[in-house]
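Enquirer: For reference, the structure I am asking about is given below.
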Amino acid sequence: MFYKWFNLMRKEYLLFLRNTVLLLVVLYFSTFDIYQTSTTSTDPNFFPLAIYDMDRSVKSQEIVRRFRSPYFHVKTYINEEDELKKLIEDGTVSAAITFPKGFAGDIAANKTANLQIILDGTNSNASEIALNYIHSIISEYNIDLWTARLKGSGGRQEVPDVQMRPFFYSNTSLNEGWVLSLQELYTVITLLGLVLITTAIVNEKQFGTIEQLMISPLKTYEIILPKIITMMGVIFMVVFIALFVVLMPLGVPLAGTIWDLFIVTLLYIFTLTGYGLLIATVSNSLSETILISFLLILPILLLSGMYVPVESLPVVMQGLISFSPLKYYLNLAHGVFLKGNSICFMWKDFCSLLTLGVVSFAVGLWRFRKSFSE
Amino acid sequence: MFSWIRLIAVAKKEYLELKRNLLLFLVLVFGPILLYLLHAYGLPVDVKNLTLGILDMDKSALSRSLQDTFQNSGIFKIERTFKDKNELKKGLDLAELRAGVIIPHDFAAKLERNSSVIVQALIDGSYPNYALISEGYIQAVVSSFNLNILDQYFVRYLGSSANIPIDISATVWYNPTFNGNYFMLPGLFALTIIFFPAIMATLSLTKEKETRSILNFYCSSVTKTEYLIGKMLPYVIIAFLQSLLCFVHAVLISGVPMRGSILAFLIASLLFSAASVGIGLFIAVFITSQATAILLTTILTLTFTFTYSGILTPVICLSEDNRVISYLLPITHYIDVARKVMIRGADFYDVQNSLIMLLLSCIVFYGASILIFKKRIG
């Protein structure tokens, strides 16, 4: 029996290797693609500002100095109201801060000085976050002013004050390149997992070569399992190469053990196979398969937590996304890579992923057998 | 000789072939709409409900009031109470928490003695974006708490509350209530019509190559221009109609305004539909195997789209180098036109540069495909 399986696996393997272009594309995915992603870091808080300082005082300059990276980027200083309007209208800056004449004078006279801010609401989310930061910067400045005034007048040296000390846990330097390359790795595994496996199965259906296999003295599962095992093997090899890229030239630290990472990744590939099998049983041609896979791939990639936090999703969506294997794999792989967790420690996520995998695989296999016994 | 009749005939054949495969037709037509609706209602426009753990070692009225300030910020969701630092760290390790705040045991005592007290914030750094946002919000909450206690301090020692030195008056243009749909939905139009048309175009050509039905064309009198454009035409039209459907949903149901030139939007939609089909075509011309073509199309559409197109992060907030990449992508220009026309009320001339870029990308994709495509075997 083993010999039979071995031969079938060899057939699949050769089929894969002889498609040179596919091989090249897969290699590109696992090396260059990941490498390139890590080097282009995105900074979503790089909010461009224009400053219109009519006051030109020490105070206004002090405030401007507090609008600094990583949240803000002071792009230009302007001298006229019209200019300000134009900059926001053509989208060169997303906010303009105006210091009216007599700004510092008001503060010195114990009156409330007014800081005028114009925000571009087109980028609603970024602008709202920016406004929050501006509020927080001005609050801090207010506190400083008050404190200084108290110290100056009353002779009191201390005022009550809560200071926040942030400490970044796990990825202490907030290295974005590491995280981006890891996320690209997860994306690559997800894509290859679903696309390669469904194609391997459906291609034979489409070309009718599966009929040849059906009349051979092989049972249905004996046809499908070697196929799946080979593809899982291929994907695992890709992951292996990609891991090498992630660990060596990119220098992402692996805080946990490599075995945990392998087990978790193998489980994820297994789960993807289950999903691929399910899709493959629904459709007859490759086009259908691919379209249906993409109906799944897009939400899985976008909503599993890489681009928006899962807890910010609407409740219904949170329910749906708990069927996304990537949600658990993301926690597991990030946990092993960056936090040094062991699988036992993350048993909840591991069991959820395992359940998804076993159920989808079993149902997929069962449906596959049914579709051929008819 | 170029003939419209033959081009239309090819398009008709492609459409019939598509229509007679019912499942495929349904997925192609309704799949993108489904995705659009899924994301229109499911993709959160702002980061909220960040899970926060608070370790309160003080358990005083003041520390409770700080907790309430976090609770009322609307940004954080406070998880259960924590007993010690290790439990908090475990929560962070398991990704149950985005951040943890540790209130020291002398919190109230120090504040009542009018001195400074340090509150530590442990923030999960494994998602740098969320970490920075969390940090900013925690800082904002702490600042507003500080303003409050300072005000009480003034009342206690000076008899009256003091004037706030600086007050902010913010005006938000185009979208005074920060309605997230204004930003998100015009971006989703593009997401809706970038994947399926491109992949369908790829599949339709590689399928003919793989099953060898392309030989019918090789020995017919149809020229390659007629064949390629005719074949792509149904997909372009479907994509265009889908973008219109999304547009109607956004304007009529989700209340996104339409302030500018509708003509500019229509032209941009048509050009972008053609461009995204063109990407698929371009790849299919080179590649025979379907699986390979799909993977390549995915790289060129999917992986770039999320990061560079401006769907999630405004292009203007990207760094200089990344903005160059995003400028080269047709999707960036389409999203730009959609947002500018709908929200800012731009007219045709305001967005003509983006329209030209879209037109150029169409010319490049189709021109190169037609040049490279050979009407012969091997």
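These protein sequences, in sequence, are chains A and B. Going by the numbering used here, the residue at position 287 of the first sequence is 268; the numbering climbs one at a time, nothing skipped. Whatever position you read off the second sequence (first residue = 1), add 534 for the numbering used here. Don't be surprised by glycine CBs; every beta carbon is placed ideally from N, CA and C.
Kindly say whether T705(B), judged by its beta-carbon, lies nearer than 8 Å to any beta-carbon of chain A.
Expert: yes
Enquirer: In whole angstroms, what is the alpha-carbon distance linking L96(A) and S75(A)?
Expert: 17 Å
Enquirer: Is the beta carbon of A314(A) closer than 8 Å to that of V245(A)?
Expert: yes
Enquirer: Do L684(B) and W127(A) count as a contact pair if the criterion is CB distance below 8 Å?
Expert: yes
Enquirer: Taking 8 Å as the CB-CB cut-off, is D63(A) touching chain B?
Expert: no
Enquirer: Comparing the C-beta of C780(B) with each C-beta of chain A, is any distance below 8 Å?
Expert: The beta carbon of C780(B) does not come within 8 Å of any beta carbon belonging to chain A, so the residue lies off that interface.
Enquirer: Determine the DSSP secondary structure at F217(A), reduced to helix, strand or coil.
Expert: helix
Enquirer: Considering only residues of the same chain and omitting the five flanking positions on each side of S738(B), which have a CB-CB separation below 7 Å?
Expert: E548 and K765
Enquirer: DSSP three-state call for G255(A): helix, strand or coil?
Expert: helix
Enquirer: Would you check if the segment 695 to 705 of chain B and the segment 224 to 238 of chain A touch, i.e. whether three or more CB-CB distances between them fall below 8 Å?
Expert: The answer is no - the segment 695 to 705 of chain B does not touch the segment 224 to 238 of chain A, with fewer than three Cβ pairs under 8 Å.
Enquirer: T57(A) by DSSP, collapsed to three states: which one?
Expert: T57(A) falls in the strand class under three-state DSSP.
Enquirer: In the structure shown, what three-state DSSP assignment does I733(B) receive?
Expert: Correct three-state label for I733(B): helix.
Enquirer: Could you check which residue in M287(A), F318(A), Y309(A) and V169(A) has the C-alpha nearest to that of T238(A)?
Expert: F318(A)
Enquirer: Under 8 Å between beta-carbons, which chain A residues line up against R873(B)? List them in chain order, please.
Expert: T103
Enquirer: Give the secondary structure of A880(B) by DSSP, where H, G and I count as helix, E and B as strand, and everything else as coil.
Expert: coil
Enquirer: Report the residues of the segment 104 to 120 of chain A with a CB closer than 8 Å to any CB of chain B, ordered along the chain.
Expert: N104, S105, N106, A107, S108, E109, I110, L112, N113, Y114, I115, H116, S117, I119 and S120
Enquirer: List, in chain order, every chain B residue whose beta-carbon is nearer than 7 Å to that of M145(A).
Expert: V653, A655, I672, Q673 and V676
Enquirer: If you drop the 5 nearest sequence neighbours on each side, which residues of the same chain put their C-beta closer than 8 Å to that of I205(A)?
Expert: I182, L258, L346 and F349
Enquirer: For K208(A), decide whether its Cβ has a neighbour in chain B, counting only Cβ atoms nearer than 8 Å.
Expert: At a cut-off of 8 Å between beta-carbon atoms, K208(A) makes no contact with chain B.
Enquirer: Please list the partners that P81(A) has in chain B, where partner means a Cβ-to-Cβ separation under 9 Å.
Expert: For P81(A), no chain B residue has a Cβ inside 9 Å of its Cβ, as the nearest lies near 10 Å away.
Enquirer: Anything in chain B within Cβ reach of K67(A), meaning under 7 Å, just list it in chain order.
Expert: Here the premise fails: no neighbours, minimum Cβ distance about 12 Å.
Enquirer: Rank F712(B), S660(B), I702(B) and D658(B) by C-alpha distance to the C-alpha of T93(A) and give the top, closest one.
Expert: I702(B)
Enquirer: Count Cβ pairs between the segment 163 to 182 of chain A and the segment 801 to 817 of chain B that sit closer than 8 Å; are there 3 or more?
Expert: no
Enquirer: How long is the line joining the alpha carbons of L719(B) and A574(B), rounded to whole angstroms?
Expert: Taking the straight line joining both Cα atoms gives about 6 Å.
Enquirer: State the Cα-Cα distance for the pair R598(B) and L131(A), rounded to the nearest angstrom.
Expert: 27 Å
Enquirer: Considering only DSSP beta bridges, list what F243(A) is partnered with.
Expert: Answer is none; F243(A) lacks a bridge partner.
Enquirer: Who are the Cβ neighbours of C780(B) in its own chain at under 6 Å, not counting the five residues just before and after it?
Expert: Y570, F723 and T726
Enquirer: Within 10 angstroms of its Cβ, does E744(B) collect 16 or more other Cβ (buried), or is it exposed?
Expert: buried
Enquirer: Cβ closer than 7 Å: which chain A residues qualify as neighbours of F679(B)?
Expert: Going along chain A in sequence order, the residues near F679(B) (Cβ under 7 Å) are V143.
Enquirer: Pair every Cβ in the segment 95 to 110 of chain A with every Cβ in the segment 703 to 710 of chain B, then say whether three or more of these pairs are closer than 8 Å.
Expert: yes
Enquirer: How would you list, in chain order, the residues of chain A whose beta-carbon sits under 7 Å from the beta-carbon of E669(B)?
Expert: P147
Enquirer: Kindly identify the DSSP beta-bridge partner or partners of Q654(B).
Expert: Beta-bridge partners of Q654(B) (DSSP): R146(A) and I636(B).
Enquirer: R(-9)(A) to Y(-16)(A), Cα distance in whole Å?
Expert: Spanning the two alpha carbons is a distance of roughly 10 Å.
Enquirer: Give every residue of the same chain whose Cβ lies closer than 7 Å to the Cβ of R910(B), excluding the five residues on either side of it in the sequence, and list them in chain order.
Expert: Y752
Enquirer: Suppose you measure from the CA of M145(A) to the CA of L800(B); what does that come to, to the nearest Å?
Expert: 51 Å
Enquirer: Our contact map puts T180(A) next to L267(A) with C-beta atoms below 8 Å; I'd like the distance itself, whole angstroms only.
Expert: 6 Å
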